[in-house]
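Asker:
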Amino acid sequence: MKKTIPHIALVAAALAPLPAAAAIGQINASANLDKQFQTIESFTASDAWSGNFIGKFFADDKKEKLAKWLFSQKYGEDGSPEGIGLSMWRVNIGGGTWEQEGADIVPIQRRAESFLSKDGKSYDWSKAAGQQYFMKKAKEYGCESFLLFSNTPPVQMTQNGKGYKDAADFKSNLRADCYDDFAEYMAEVAKHFEGEGYNIDYISPVNEPGWKWSTNAQEGTPWLNPEIKRLAVELDKSLGKRGLKTKQLLCEAERVDYLYGSDAYLEGRKKMNKNPVEDMACDQIRAFFDPDSKDYIGHLKSIPRKIGAHDYHTHTSNEQIVSTRKKLKECADKYGVQFIQTEWCLLPGVACKDGMPQKNPSDMDISLLMAKLIHTDLARVDAPSWGYWKAFEINGDHALTGVAPKDGDICQGGNVFTRKKLWTLGNYSFFIRPGWKRIDLTGADDLGGVFASAFASPDGKKVAVVAANVSYEPADFDFSLSGKGSDGLKKVSAFRTSESSDLANQHIDPKFDGKRTFKLSPRSVTTLLFE
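Quick note: the sequence shown uses the working numbering, first residue 340, plus one each step.
#1: Distance check for isoleucine 366 and threonine 763, CA to CA, integer angstroms please.
#2: Mind reading off the beta-carbon distance from isoleucine 660 to lysine 711? Whole number of angstroms is fine, and I expect it under 8 Å.
#3: Who are aspartate 817's beta bridge partners in DSSP?
#4: Starting from aspartate 784, follow its DSSP beta bridges and name the residues at the other end.
#5: Hey, how far is the Cα of serine 701 from the Cα of glycine 726?
#6: Can the beta-carbon of leucine 372 be found less than 8 Å from the beta-carbon of alanine 795?
#7: In chain order, what residues of the same chain have a beta carbon less than 6 Å from the beta carbon of glutamate 523, not counting five sequence neighbours either side?
#8: Please list, in chain order, all residues of the same chain as glycine 536 whose beta carbon is under 8 Å from its beta carbon, the five residues on each side excluded.
#9: Could you tell me if lysine 584 is buried or exposed, where buried requires 16 or more neighbouring beta carbons within 10 angstroms of its beta carbon?
#10: Drop a sphere of 10 angstroms on the beta-carbon of aspartate 650, count the other beta-carbons inside from all chains shown, and report buried for 16 or more, exposed for fewer.
#11: What's the C-alpha gap between tryptophan 562 and methionine 496?
#12: Rounding to the nearest angstrom, what Cα-Cα distance links proline 861 and leucine 686 in this structure?
#13: Could you give the residue range of the alpha helix (DSSP H) that holds lysine 645?
#14: Ignoring anything shorter than 4 residues, give me the alpha helix (DSSP H) runs that lie fully in the segment 380-450, in order along the chain.
#15: By Cβ distance below 8 Å, which residues in the same chain neighbour glycine 413 in space, the five residues on each side in sequence not counted?
#16: What separation, rounded to the nearest whole angstrom, lies between the Cα atoms of glutamate 838 and asparagine 766?
#17: Would you report the Cα separation of aspartate 602 and tyrosine 674, rounded to the nearest angstrom?
#18: For the segment 526-581, which segments carrying the beta strand (DSSP E) assignment without a break, of at least 3 residues, lie completely within its bounds, in sequence order?
#19: Give me the residue from Trp728, Thr757, Phe851 and Lys823 with the minimum Cα distance to aspartate 386.
#20: What residues in its chain sit with their C-beta under 6 Å from that of arginine 449, if we drop five residues either side in the sequence?
#21: Is there contact between the segment 805-825 and the segment 400-417, where contact requires at least three CB pairs shorter than 8 Å?
#22: Could you spell out the range, first to last residue, of the beta strand (DSSP E) harbouring serine 837?
#23: Once you ignore the five residues that flank threonine 856 on each side, which residues in its own chain have a CB closer than 6 Å to its CB?
#24: Give the straight-line distance between the Cα atoms of lysine 854 and phenylalanine 392, rounded to the nearest whole angstrom.
#25: Taking all protein chains shown into account, do 16 or more other C-beta atoms lie within 10 angstroms of the C-beta of tryptophan 775, making it buried, or fewer, making it exposed?
#26: Taking all protein chains shown into account, do 16 or more other C-beta atoms lie within 10 angstroms of the C-beta of histidine 846, making it buried, or fewer, making it exposed?
#27: Take alanine 370 as the anchor and find which of Ala806, Ser840 and Asn844 has the nearest alpha-carbon.
#28: Considering only the alpha carbon of each residue, which of Leu867, Ser662 and Asp634 lies closest to threonine 715?
#29: According to DSSP, which residues form a beta bridge with isoleucine 679?
#30: Measuring straight from C-alpha to C-alpha, what distance separates asparagine 538 and valine 864?
#31: Please name the residue or residues paired with tyrosine 462 in a DSSP beta bridge.
#32: Looking only at its own chain, which residues have a Cβ that is under 8 Å from the Cβ of phenylalanine 869, when we skip the five neighbours before and after it?
#33: With a threshold of 6 Å on Cβ separation, who are the neighbours of serine 511 within its own chain once the five nearest residues in sequence on each side are excluded?
#34: Quick check: the segment 586-601 against the segment 638-653, are at least 3 beta-carbon pairs closer than 8 Å?
#35: Start and end of the beta strand (DSSP E) containing glycine 753?
#36: Under 7 Å Cβ to Cβ from leucine 708, same chain only, skipping five residues before and after it: list those, please.
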């Protein structure tokens with residue numbers, strides 16, 4: 340639909356960066372059930388890479404704890420959630436570097452099994468048993484959606500016989516004669532797990548295609564846009580002939596600003612990447628969804644009007660968080676595409692200059708930055724889904740949970756524990772379920788102070804408001820709720836994550852009459868659940 344100039348102006352005004360707020364004190368916010376936006380699909384995390392090792396080698400009670408923390412949708416005896424109720428599970432389809440003789444990827448838990456036999460002629464569905472354990476537990480706890488993602492083709496199909504590149508040429512490691520074979524492999528894996536009762540909603544066939552992937556730090560391969568198109572066409576055929584409803588989710592770009600234009604990509608890659616700019620892994624919304632593009636794939640049956648990317652490297656300041664996503668929203672709207680954020684953690688040496696230490700941030704500091712990203716992606720870009728990177732890892736510095744291996748060897752089992760990031764994600768994922776809609780909330784959108792977003796259940800009988808106070812001062816959150824059905828919401832509960840609370844029920848007075856003031860602690864994320 341052709342947009343009018345007034346419409347564009349309104350969108351630009353809505354997405355414009357907000358000025359810094361006055362000293363935190365009283366926040367006047369209101370939500371309206373009659374004004375609705377995107378439908379929420381899921382909140383997710385990934386089993387890579389430690390999931391296979393934990394699922395195989397850790398004691399049952401330890402694995403069960405992890406599964407409960409990640410997937411449970413129940414409340415504990417104290418009225419607090421016992422888990423975060425993830426609604427999608429992101430499962431790595433490994434490239435076979437674990438079984439490979441002479442494999443040199445380190446650390447070893449980043450090597451992954453493949454379901455393909457070494458000779459490439461048969462499948463062994465007993466492989467990746469640890470990953471399958473967590474798939475099974477996710478389903479048992481009520482997680483109904485699964486995404487399969489690939490970092491590399493099986494090593495039998497790569498040019499160098501490895502799960503990563505030797506040369507930093509930014510071209511795919513997949514052999515030219517194996518595009519159809521790789522597509523067949525991914526589709527067959529999806530078919531198998533569909534037959535096991537799992538809803539394989541998406542396959543992500545490529546991951547961070549703009550990176551060089553030329554070290555032995557993990558499985559990975561770059562892809563040029565024409566190579567992605569070629570693979571997408573083959574995978575569309577393979578899914579179609581099996582009658583699968585599974586969709587492709589492209590293209591898992593490592594930064595959101597690689598989805599629009601080429602400036603950000605060229606700034607960091609121009610000297611290294613000698614390929615034609617029009618082929619590079621950037622400007623991907625236009626490349627894949629503009630009918631006039633040479634790499635257009637929007638007509639394929641298995642390609643939804645959605646595109647995935649990661650939130651890495653676009654949060655050095657509050658201003659960058661807002662400005663990059665403003666441009667992303669404009670580009671996505673231009674081509675009628677929804678943005679899905681599939682992966683984020685705070686990478687080493689990367690921080691936000693606003694509201695957190697530049698060195699050695701605490702887990703709560705990182706959690707508050709994550710809340711900024713979730714809020715901005717959902718409330719400013721209308722993302723229907725948001726994903727964290729690793730569900731678990733040794734120590735858990737970059738994961739939702741941590742494991743402490745016995746004698747430092749993950750193959751010997753060990754203990755498990757939670758991180759603040761788990762519970763902060765739970766402020767969203769536990770309460771905001773698939774099918775809920777984001778509703779309008781005004782008066783709280785300051786990434787340097789208090790920001791909040793609101794969501795309603797399909798029947799309008801529940802509303803969840805997630806409010807974060809990133810300042811070091813308490814705030815009075817004066818909140819009102821209006822719109823059809825709002826007068827029936829008479830009860831409210833509050834659940835807080837902070838330095839001293841883990842998604843804890845605050846046991847506040849439950850009475851709500853359409854308007855009320857709530858106390859937001861410093862450096863905290865609070866979910867208000869209205870029923």
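Note that the Cβ used here is the ideal one computed from N, Cα and C, for glycine as well.
Note that the structure is a prediction, hence the values are computed from the model and not measured.
Answerer: On the basis of the coordinates in this document:
#1: Along the sequence shown, read from residue 1 onward, the residue named residue 763 stands at position 424. Along the sequence shown, read from residue 1 onward, the residue named residue 366 stands at position 27. Rounded to whole angstroms, threonine 763 to isoleucine 366 spans 21 Å at the Cα level.
#2: Sequence index remark: in the sequence shown, residue 660 carries index 321 (1-based). Sequence index remark: in the sequence shown, residue 711 carries index 372 (1-based). About 6 Å; that satisfies the 8 Å criterion.
#3: What you label residue 817 is simply residue 478 of the sequence shown in a count that begins at 1. Bridge partners of aspartate 817: Asn367 and Thr856.
#4: As a first step, residue 784 is located in the sequence shown; it is residue number 445 there, counting from the start. Paired residues: Phe790.
#5: Taking the first residue of the sequence shown as 1, we reach residue 701 at position 362. Taking the first residue of the sequence shown as 1, we reach residue 726 at position 387. Looking at the two C-alpha atoms, the distance is approximately 21 Å.
#6: By one-based count along the sequence shown, residue 372 stands at place 33. By one-based count along the sequence shown, residue 795 stands at place 456. Yes, the Cβ-Cβ distance between leucine 372 and alanine 795 is below 8 Å.
#7: Taking the sequence shown and counting its residues from 1, the one referred to as residue 523 is at position 184. Counting only Cβ-Cβ distances below 6 Å, and skipping sequence neighbours, we find Ser577.
#8: The sequence position of residue 536 within the sequence shown is 197, counting from 1. Closer than 8 Å at Cβ, skipping near neighbours: Lys478.
#9: To locate residue 584, count along the sequence shown from 1; it is residue 245. It counts as exposed.
#10: Position 311 of the sequence shown, counted from the first residue, corresponds to residue 650. When all chains shown are included, aspartate 650 counts as buried.
#11: Here residue 562 refers to the residue found at position 223 of the sequence shown. Here residue 496 refers to the residue found at position 157 of the sequence shown. Using only the alpha carbons, I get a separation of about 15 Å.
#12: Your numbering for residue 861 matches position 522 in the sequence shown. Your numbering for residue 686 matches position 347 in the sequence shown. Cα to Cα, proline 861 sits roughly 25 Å from leucine 686.
#13: In the sequence shown, the residue the question calls residue 645 occupies position 306. Premise fails: lysine 645 lies in the beta strand (DSSP E), 645-649, not in any alpha helix (DSSP H).
#14: 390-396 and 399-410
#15: Translated into positions along the sequence shown, residue 413 becomes position 74. Here residue 413 is lysine; the residue named in the question, glycine, does not match the sequence. Answer for lysine 413: Pro420, Glu421 and Gly422, listed in chain order.
#16: As a first step, residue 838 must be located in the sequence shown, where it is residue number 499. As a first step, residue 766 must be located in the sequence shown, where it is residue number 427. Looking at the two C-alpha atoms, the distance is approximately 14 Å.
#17: Taking the first residue of the sequence shown as 1, we reach residue 602 at position 263. Taking the first residue of the sequence shown as 1, we reach residue 674 at position 335. Distance between the alpha carbons of aspartate 602 and tyrosine 674 is about 19 Å.
#18: 539-543
#19: The count along the sequence shown starts at 1 and reaches residue 386 at position 47. Considering only alpha carbons, the answer is Trp728.
#20: Locating residue 449 in the sequence shown gives position 110, where the first residue counts as 1. The residues are Trp388 and Gln557.
#21: no
#22: Your numbering for residue 837 matches position 498 in the sequence shown. Note, serine 837: beta strand (DSSP E), 831-837.
#23: Sequence index remark: in the sequence shown, residue 856 carries index 517 (1-based). Closer than 6 Å at the Cβ level, and outside the excluded window around threonine 856, lie Asp815 and Asp817.
#24: Indexing the sequence shown from 1 puts residue 854 at position 515. Indexing the sequence shown from 1 puts residue 392 at position 53. Going from the Cα of lysine 854 to the Cα of phenylalanine 392 covers about 50 Å.
#25: On the sequence shown, residue 775 is found 436 positions in, with the first residue counted as 1. It counts as buried.
#26: Position 507 of the sequence shown, counted from the start, is the residue given in the question as residue 846. Flag for histidine 846 reads exposed.
#27: The residue labelled residue 370 in the question sits at position 31 within the sequence shown. Considering only alpha carbons, the answer is Ala806.
#28: Residue 715 sits at position 376 when you count from the first residue of the sequence shown. When only C-alpha atoms are compared, the closest one is Ser662.
#29: Residue 679 sits at position 340 when you count from the first residue of the sequence shown. Gly647.
#30: As a working mapping, residue 538 is identified with position 199 in the sequence shown. As a working mapping, residue 864 is identified with position 525 in the sequence shown. Roughly 32 Å between the two C-alpha positions.
#31: Residue numbering aside, residue 462 sits at position 123 when the sequence shown is read from its first letter. DSSP, once it has assigned bridges, lists Leu455 as partnering tyrosine 462.
#32: Counted from its first residue, the sequence shown places residue 869 at position 530. Lys801, Val802, Ala803, Val804, Leu820, Leu828, Lys830, Val831 and Phe851.
#33: For the purposes of this step, residue 511 is identified with residue 172 of the sequence shown, where counting begins at 1. Here the set comprises Thr560, Trp562 and Glu566.
#34: yes
#35: For this step, residue 753 is matched to residue 414 along the sequence shown. Glycine 753 -> beta strand (DSSP E) spans 753-757.
#36: Here the question's residue 708 lines up with position 369 in the sequence shown. Result list for leucine 708: His654, Leu685, Cys691 and Met695, in chain order.
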